[in-house]
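Worksheet: the structure to be examined is printed underneath.
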Amino acid sequence: MADVFISYSRKDSAFARKLERALYDTGQESWVDWSSIPYSEDWWQEICAGIDGADNFLFVMSPDSLMSMVCNKELAYAREQNKRIIPILHREVMRDGKPLSEILTAWYAEDWEQTADDNLAELQRLNWLFFREEDDFEDWFEKLITTAETNPEHVKNHTRLLLWAREWERQGKNPSNLLKGDDLTHAEAWLGTAADQVPQPADLHRQYIAESRRVEDELAAEATRREQLIRRFRLAAASLFVVGVLAVIAAVGAFVTSQEAQALRQEAQDQYQIAVEFANAMVLDEPNPFQLITRMDILVDRYPTHALAYFSRGLALARLEQYEEAIADYNQAINLEPQYAFAFNSRGIAYMELGQYEEAIADYSQAISLDPQYTLAYNNRGIIYLELGQYEEAITDFTQAINLDPQLTLAYNNRGNTFSELQQYEEALTDYNQAINLDLQYTDAYNNRGNLYAKLQQYEKAIADYTKAISLDPQYAIAYNNRGYAYYTLGQYGEAIADYTQAISLDPLYTLAYNNRGYTYYNLGQYDLAISDYTQAIATDSVYADAYNNRGNAYKSLGQYDLAISDYTQAITINPQYSEAYHNRGNVYGDLERYEEAIADFSQAIFINSQLTPAYFSRALTYVYINQPENAENDLAHYLNLGGPLSEAERTFFEEAGVTMPSN
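Numbering-wise (the working numbering), the sequence shown opens with residue 57 and increments by one.
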């Protein structure tokens, strides 16, 4: 950041240099453009950045600066940002209270005339500092320093927040650039005290701080909602676990009749005490979740030879997503009690969360071996098989879970997902229906049944199911995204955009929703909005090849071919098998008459996907352009054999180019 930005006419360069040196001698850093390059977009961006980053905007007033289009643009931009503007009169610009006639003449009929007029009105409202030849430079310079250093904390916050807001805007309003935590709190405090300050906050300041607060509150609400869901699940699991332990203890007490009764009763009492203390800790759910671990550490220290103590601490660690540490405790529990089916199942869950699927399957299998009636272990192993694409094995496990517990809605829903992957849609629908019949509040089942209807192109039914899921859980971002896609497919673009926007509002890092909304904007011809959304998608997932490809399409539609090629190339780098990206880049090369590169890309697209019909047509066209009608004829034959359409105008084009049309 700089202390001052100096705006001046080139004819006042000598004075501007003198002013800059004097400021430097007092420790003031200046941003001054000493170059004389013509006005251009890149240069203007540099100027704007310089103004944004300066605490004060010094405008050297002279007839030449007021007659300069660039100086007027600089001043107008500084006014838009509510910068503190300090007018310095270097050469007379007024006579009898009116601007000099040559100034007004210079403005006349220019497209920036109104801007210049507004600028002068603003300058006349402000107090001027006088640096004419007849004025005492040192005296007025001291007044300049006093003005520039007035209320420094407020001004520096104004500058700092404006720079952050500008970067947020430049990055397509990426949520990752928003204020968080203490930064947001301080910014809101600054805004609250800025009403009577100079300079006033700019509109961008207010937008930036308001959006930061909105996203922060939504993230906090979502975190609270998720924690509540997790807590309900954990409490339910804990309650089931404790009930199971107490049942075992009761069974032990009922059958103890030998002289070993006292030892067994002590063991049962220990088990009971561990279970109760664990349940109490889970139910208390203290504000600091790490307090739960402290409680569990005490439990392990007190009962170091009990598998249940380590198992309990493992559950607590898993709750905090400390899966490696949880596995260590499950290991200890299993070492102490090798027949501990609960521990094997829980360790399998931890391995699953870490993506270690083979280890997870082994643990679920061991849990089932120890307890063939262990319903959840079958369900959990089925989930891994589904994730690995081993669909038959998944169906077998889900079916076994259902046979053991016909009320297990999870297993019906999961088996429905598996049938859907196998395109066995009737079976999938039956399972989703059963899950919903058993639990009318089962949001995931409604969402998944909606996905099935969408696959069957029954979009109205899909929308009804997504709507039901949303009514049950208004925070269900995935259902909004899915309903948006159904609306999009029906051509209801306004409804689609509204749903994608709501999904993004609920989850500002929802990559797919940004991409989908971008695609909708693209189909509406709103390419700038599409590019903004694709950029957001890339910001949340830097290896999202589809977003690069789609943004490349939008750049191509705007004629920004270099940017399009760059994006297609990035998509190919991420996914070297991305045939569509090769085809799209080839089309851009063709538009640029870089035909050899175009043919190379079309050929690579066809090599990757021999069924990519448009690539044959595009390569055929390119062969015509480089006068290779025989090759064009061969590609055209492939295109038609794959069912590609050919209009009469296209047929005439090829025939006139000397291409022998393939026989039907």
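For each residue, glycine too, the CB sits at the ideal point set by N, CA and C.
For this session: Quick one: residues in its chain with C-beta nearer than 6 Å to the C-beta of Tyr611, no 5 flanking neighbours on either side, listed in chain order?
Result: So the qualifying residues of the chain are Leu619, Ala620.
Problem set entry | Span of the alpha helix (DSSP H), counted from its first residue to its last, around Arg650 | Premise fails: Arg650 is in no alpha helix (DSSP H) and is neither H nor E.
Problem set entry | Neighbourhood of Arg505 by C-beta, 6 Å cutoff - its chain only, sequence neighbours within 5 removed | Listed in chain order, the non-local C-beta contacts of Arg505 below 6 Å within the same chain comprise Tyr488, Asp521, local neighbours out to five positions each way being set aside.
Problem set entry | Contact set for Val211: own chain, Cβ-Cβ below 8 Å, skip 5 residues either direction | A distance below 8 Å between beta-carbons, with the five flanking residues on each side excluded, links Val211 to the following residues of its chain, in chain order: Asp111, Asn112, Arg140, Pro255.
Exercise. Helix or strand or just coil, what does DSSP make of Met123?
Worked result: The DSSP-derived three-state label of Met123 is coil.
For this session: Kindly list the residues whose CB is nearer than 7 Å to the CB of Thr545, restricted to its own chain and excluding five residues on each side of it in sequence; keep chain order.
Result: Tyr515.
For this session: Within its chain, find whatever has a CB closer than 6 Å to the CB of Ile630; leave out the 5 residues flanking it on each side and keep chain order.
Result: Only Val599, Ala601 meet the Cβ criterion.
Exercise. Is Arg369 helix, strand or coil when you go by DSSP?
Worked result: Look at Arg369 here: in three-state DSSP terms it is helix.
Exercise. Any idea which residues DSSP pairs Met150 with across the strands?
Worked result: According to DSSP, which records beta bridges pairwise, Met150 is partnered with Pro155.
For this session: Give me the Cα-Cα distance between Ile286 and Asp691, rounded to the nearest whole angstrom.
Result: Caution applies to Ile286, whose pLDDT of 42 falls short of 50 and renders its modelled position unreliable; the value that the coordinates give is listed next. CA-CA distance, Ile286 to Asp691, rounds to 57 Å.
Exercise. Does the region 527-537 touch the region 237-246, meaning 3 or more C-beta pairs lie closer than 8 Å?
Worked result: Touching, no.
Problem set entry | Arg140 - containing beta strand (DSSP E), residue span | Per DSSP, the continuous beta strand (DSSP E) segment holding Arg140 begins and ends at 140-145.
Problem set entry | Straight-line Cα distance separating Tyr413 from Ile390 | Ile390 and Tyr413: Cα-Cα distance of roughly 19 Å.
Problem set entry | Delimiting residues of the beta strand (DSSP E) encompassing Trp87 | Where Trp87 is concerned, the enclosing beta strand (DSSP E) stretches over 86-88.
For this session: Take the Cβ of Phe61 as the centre, count every other Cβ of all protein chains shown within 10 Å, and call the residue buried at 16 or more, exposed below.
Result: Classified as buried, Phe61 has 16 or more neighbouring CB atoms from the shown chains inside 10 Å of its CB.
For this session: Could you have a look at Arg437 and say whether DSSP puts it in helix, strand or coil?
Result: Of the three classes helix, strand and coil, the one that applies to Arg437 here is helix, per DSSP.
For this session: Would you tell me roughly how many angstroms separate the C-alpha atoms of Glu482 and Leu494, rounded to the nearest one?
Result: Cα to Cα, Glu482 sits roughly 19 Å from Leu494.
Exercise. Under the rule that 16 or more other beta-carbon atoms within 10 Å means buried, what is Phe710, buried or exposed?
Worked result: Per the 10 Å Cβ criterion, buried.
For this session: Give the single residue among Ala374, Asp385, Ile354 whose Cα lies nearest to the Cα of Phe367.
Result: When C-alpha distances from Phe367 are compared across Ala374, Asp385, Ile354, the shortest belongs to Asp385.
For this session: Evaluate Leu464 with the Cβ neighbour count: other Cβ atoms within 10 Å of its Cβ, from every protein chain shown; 16 or more gives buried, anything less gives exposed.
Result: Answer is buried; the Cβ neighbour count reaches 16.
Exercise. Can you tell me whether DSSP reads Ser69 as helix, strand or coil?
Worked result: Ser69 sits in a helix when the DSSP states are folded into three classes.
Problem set entry | Identity of the residue in Pro685, Val715, Pro670, Ile682 nearest Asn697 by Cα | Out of Pro685, Val715, Pro670, Ile682, Pro670 has the C-alpha closest to the C-alpha of Asn697.
Exercise. Quick one: what's got a C-beta closer than 6 Å to Asp174's C-beta in the same chain, skipping five residues either side?
Worked result: Nothing meets the Cβ criterion.
For this session: Quick one: measure Cβ to Cβ for Ala661 and Gly642, integer angstroms, because I've assumed they're closer than 8 Å.
Result: The pair is a contact, with the Cβ atoms about 7 Å apart (cut-off 8 Å).
Problem set entry | Cβ distance (whole Å) where Tyr441 is taken to contact Asp453 below 8 Å | By a beta-carbon distance limit of 8 Å, Tyr441 contacts Asp453. Their separation comes to about 6 Å.
Exercise. Using the C-alpha atoms, what's the distance from Gly540 back to Thr654?
Worked result: Looking at the sequence itself, residue 654 is Ala, so the reference to Thr does not match. C-alpha separation (whole angstroms): 35 Å.
For this session: Classify Met117 as helix, strand or coil using the three-state DSSP reduction.
Result: Three-state result, Met117: strand.
For this session: Pair every Cβ in the region 117-124 with every Cβ in the region 159-173, then say whether three or more of these pairs are closer than 8 Å.
Result: Yes, they touch.
For this session: Would you list, in sequence order, the uninterrupted alpha helix (DSSP H) runs of no fewer than 4 residues that lie entirely inside the region 466-512?
Result: Counting only runs of 4 or more, we get 481-494, 499-511.
Exercise. With distances taken from CA atoms, which of Glu178, Ile144, Arg151 is nearest Ala132?
Worked result: Closest option to Ala132, Cα to Cα, is Glu178.
For this session: Specify, as a first and last residue, the run of the alpha helix (DSSP H) that Ala418 falls within.
Result: Note, Ala418: alpha helix (DSSP H), 413-426.
Exercise. Based on the DSSP secondary-structure assignment, which residues constitute the bridge partners of Asn726?
Worked result: Only positions 57 to 720 of the chain appear in this structure, which leaves residue 726 out of reach.
Exercise. Measuring CA to CA, which of Asn213, Leu156, Glu189 is closest to Asp108?
Worked result: The shortest C-alpha separation from Asp108 is found at Asn213.
Exercise. Does the beta-carbon of Ala705 have 16 or more other beta-carbons within 10 angstroms, so that it is buried, or is it exposed?
Worked result: That one is exposed.
Exercise. Leu235 by DSSP, collapsed to three states: which one?
Worked result: Here DSSP, grouped into helix, strand and coil, assigns Leu235 to coil.
Exercise. For Gly153, which residues from the same chain have a beta carbon less than 7 Å from its beta carbon, with the 5 sequence-adjacent residues on both sides left out?
Worked result: Setting aside the 5 residues that flank it on each side, Gly153 has no residue in the same chain whose C-beta is closer than 7 Å to its C-beta.
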